[in-house]
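In what follows, a single structure is set out as structure tokens and then discussed.
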Amino acid sequence: MRSETKSYKPGESLMKTYAVRKKPRTFVQCQFCYFGDGTLTNGIVWDLSDTGWRATGQRPVRVGTETTVYITLQNGTKSYNVLIDAAIVRWSDGREAGWEIVRMDEANRTRLLDFVEHFKPLERTSEAMGRTHW
């Protein structure tokens with residue numbers, strides 16, 4: 001969840017709004033690159049889902065930036081390149097930013113989904129949560 005600050009005017013209280021992600025993200029550490037403002041920028045993806053990611057880039061990126069992105073998914077000794085035809089920056093804090101996937105083909109989406117599912121943390125089931133060991 002990411003908070004945004006509303007512009008403050010004298011006499012008003014400072015309010016924060018929150019944008020809830022569509023899906024939880026999985027912790028990863030993958031390389032990514034994109035072409036923006038006439039420059040190829042590299043960075044690291046830290047949190048990933050099939051709808052977006054949080055990353056740190058070599059340079060700051062502006063909210064609303066939309067571009068093609070390449071992410072290299074690493075699974076042991078194998079690496080997979082995923083092409084995202086269009087992704088948009090939804091929030092930015094200097095070099096750190098939250099990206100949303102706008103468009104990608106089915107083959108790349110399947111590759112991304114398989115990767116995210118493989119690394120998704122084990123969720124506690126209600127049965128396991130209710131169990132006690134004496």
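For the sequence shown, the numbering used here assigns the number 134 to the last residue and increments by one with no breaks.
Glycine is no exception: its CB is placed at the ideal position from the N, C-alpha and C atoms.
So, are the CB atoms of residue i and residue j less than 8 Å apart?
| i | j | result |
| --- | --- | --- |
| I88 | T68 | no |
| V61 | A86 | no |
| R95 | V63 | no |
Among residues of its own chain, excluding the 5 on either side of residue i, which ones have a beta-carbon nearer than 8 Å to its beta-carbon?
| i | result |
| --- | --- |
| T26 | D47, L48, S49, V116, F119, K120 and P121 |
| E66 | A86, A87, I88, V89 and V102 |
Using a Cβ-Cβ cutoff of less than 6 Å, which residues in the same chain neighbour residue i once the five nearest sequence positions on both sides are dropped?
| i | result |
| --- | --- |
| G57 | T41, G43 and R95 |
Comparing C-alpha positions only, which one of the options sits nearest to residue i?
| i | options | result |
| --- | --- | --- |
| G36 | T77, Q29 and R59 | R59 |
| D93 | D114, A55 and N108 | A55 |
| M142 | T51, D114 and G98 | Lying outside 1 to 134, the shown extent of the chain, residue 142 is not represented and no answer is given. |
| A97 | W53, Y34 and Y80 | W53 |
| C30 | E66, Y80, E106 and T65 | Y80 |
| A107 | E100, V82 and W99 | V82 |
| N75 | G38, R111 and C33 | R111 |
Run through the DSSP bridge pairs and tell me what residue i is partnered with.
| i | result |
| --- | --- |
| L40 | F35 |
| T56 | I44 and E96 |
Grab me the residues of residue i's own chain with a C-beta within less than 7 Å of its C-beta, minus the 5 sequence neighbours each way, in chain order.
| i | result |
| --- | --- |
| V45 | V28, C30, F32, W53, A55 and I71 |
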